[in-house]
Amino acid sequence: MPDSFYRIPSWQRGDESLNQQKRIEELEAQLGEADDIVRDLRAELREVQDELEKLTKNSMQCSSEQKSGHDVAASEEMSNVKTISDFGYVALKFCP
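When you line the sequence shown up against our numbering, it's residues 121 to 216, in that order.
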């Protein structure tokens with residue numbers, strides 16, 4: 121077959137070039153949309169992480185305050201407990 125058989129006519133090359141250009145523009149538009157979505161998701165993720173950090177700090181602070189309160193209560197209770205050692209064993213007796 122002659123070489124001209126495999127050659128693409130110039131009018132087809134123009135159409136193919138236009139189709140490729142349209143496809144490139146479509147892909148660039150999709151990429152722009154994807155970039156916007158990624159940006160929005162990152163902003164939302166930062167907000168959620170900030171909220172989680174606040175909740176974690178509050179929870180730890182509450183836990184620490186409760187622990188301190190429990191420690192004080194436990195210390196007060198322990199001061200009311202007398203140790204009885206009789207015949208080699210130890211028993212704890214709560215004294216209100």
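Beta carbons: idealized from backbone N, C-alpha and C, even for Gly.
- Taking the CA atoms as reference points, G134 sits about 21 Å from E148.
- Our two residues, S137 and R143, have alpha carbons roughly 10 Å apart in a direct line.
- Between the alpha carbons of A163 and G152 lies a gap of roughly 17 Å.
- Around D155, the same chain offers no residue with a beta carbon nearer than 6 Å, after the five sequence neighbours per side are excluded.
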